[in-house]
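**Q** Handing you this structure, nothing more for now.
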Amino acid sequence: MKVETMKFVFRGLMAPVLTPYANDRSFSIQLDIIPKYAKYLSSVGINAVLVNGTSGEGMSMTVDERKATTEAWAAAVKETNQILMVQVGGACLKDVQEMAAHAERLGVDGLLCLPELFNKPATVDQLVEYLKYVGQAAPKTPLLYYHIPSYTGVKVSMPQFLATAACNIPTFAGAKYTDSNLEEGTRCLEVKSETLGLFLGCDHVLAGAFALGFDSAVATSLNMLPRANIKILEAMRNNHPSEALQEQRKLSQAINVITRNGGWVSTMKAAMSLMTSIHVGPPRPPLIPLSDEQIGVLKEDLAALELM
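Each residue of the sequence shown is one higher than the last, beginning at 2 in my numbering.
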């Protein structure tokens, strides 16, 4: 039987924020940086943030650390009037439920949840059943699924999943679709529902996705290259596809320069500290920070592109 579902009303561009760590061997979270971080994003036109996602290294943090980070961002966005989504998955179910309930008590605007990462769901029904338990812990907050098969290895049919979840989970409101398979992404957009939102999570294919009907994205490069992302979305909204493609090429070139000498989170954190006033420190192990030599090369490459 179909249930009435909630709607996560925000549409547009959302920054998956990086978690600031101390630049020493303690890797302690620097919560005092978060208010400044929120104001910086607001000042460059970013009105929504995702906390404790992949870029935020949520799965490398303890439950207490994730809750403290969520609390800091919840306080910060009250001053900036930004939308706040919190990723609660990537832990045992009881911890996920605890973090979901905690986020709801703080009044966050939405929850995002990874699938179970060890006992991976193999079918749509298994994934829906898991998210039902998560949704029950936060019955007043829209819940979105975090689809990132390159990390999780969970590869169920997303159109079928969205349709099934919308009929069976009262709080279900959509997904973050982090996959370059835009053929499947387009079929996801065709799922008949007025409440579902679909956020693209692939920075390299924004222009193509917007051309196919996506209207929202969660892109790491929004942290240090916000204007390029904004221009792509604005160009497509104004029916200027050639301009959007030109901006996408610039953005992809910059991302390729940033990420050529390390992993995604490690290089993005280095770029954030070089290109903005927000210093987010190194990634937490087992992620490997850039060496001094690699940072030097990154500086030169960014300067050549006139990005710093």
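No residue lacks a Cβ here, since even glycine has one placed at the ideal position from N, Cα and C.
Going by beta carbon distance, what residues of the same chain come within less than 7 Å of leucine 223, once the five residues before and after it are set aside?
**A** Hits under 7 Å: Leu14, Ala16, Ile47, Asn230.
**Q** Tell me the residue span of the alpha helix (DSSP H) that contains methionine 159.
**A** 159 to 169
**Q** Does the pairing of the region 57 to 64 with the region 231 to 239 give three or more beta-carbon distances under 8 Å?
**A** no
**Q** Below 8 Å on the Cβ atoms is my guess for valine 258 versus aspartate 302; work out the distance and round it to an integer in Å.
**A** 4 Å
**Q** Measure the alpha-carbon distance for glutamine 254 versus glutamine 137 and round it to whole angstroms.
**A** 43 Å
**Q** Less than 8 Å between the beta carbons of leucine 252 and leucine 275, yes or no?
**A** no
**Q** How many angstroms separate the CA atom of methionine 2 from the CA atom of asparagine 169?
**A** Model confidence at methionine 2 stands at a pLDDT of 38, short of 50, so the residue's coordinates are unreliable; what they give is reported in the following sentence. Approximately 7 Å, taken between the alpha carbons.
**Q** Could you name the residues of the same chain whose beta carbon sits closer than 6 Å to that of alanine 245, not counting the 5 residues immediately before and after it, in chain order?
**A** Ala208, Ile233, Ala236, Met237
**Q** For leucine 201, tell me which candidate among Leu183, Gln161, Glu191 has the shortest Cα-Cα distance.
**A** Leu183
**Q** Give a yes or no on whether the minimum CB-CB distance between serine 267 and chain C is below 8 Å.
**A** In summary, chain C is missing from the structure at hand, where a single protein chain is found.
**Q** Which same chain residues, not among the five before or five after glycine 54, have their C-beta less than 6 Å away from its C-beta?
**A** Pro17, Gln88
**Q** Going by beta-carbon coordinates alone, are alanine 101 and leucine 112 separated by less than 8 Å?
**A** yes
**Q** Does the region 137 to 146 come close enough to the region 164 to 178 that 3 or more CB-CB pairs lie under 8 Å?
**A** yes
**Q** State the Cα-Cα distance for the pair serine 321 and alanine 23, rounded to the nearest angstrom.
**A** Residue numbering for the chain in the displayed model covers 2 to 309; residue 321 lies beyond these limits and cannot be assessed.
**Q** Would leucine 85 and valine 50 qualify as a contact pair, given that the criterion is a beta-carbon distance under 8 Å?
**A** yes
**Q** Can you give me the C-alpha to C-alpha distance between serine 151 and valine 266, rounded to a whole angstrom?
**A** 15 Å
**Q** In the DSSP assignment, find the alpha helix (DSSP H) that holds leucine 207 and state where it starts and stops.
**A** 207 to 213
**Q** Return the bridge partner residues of histidine 148 from the DSSP annotation.
**A** Tyr178
**Q** According to the Cβ coordinates, are glycine 198 and alanine 220 closer than 8 Å?
**A** No.
**Q** With 16 other CB atoms within 10 Å as the buried threshold, where does aspartate 180 fall?
**A** buried
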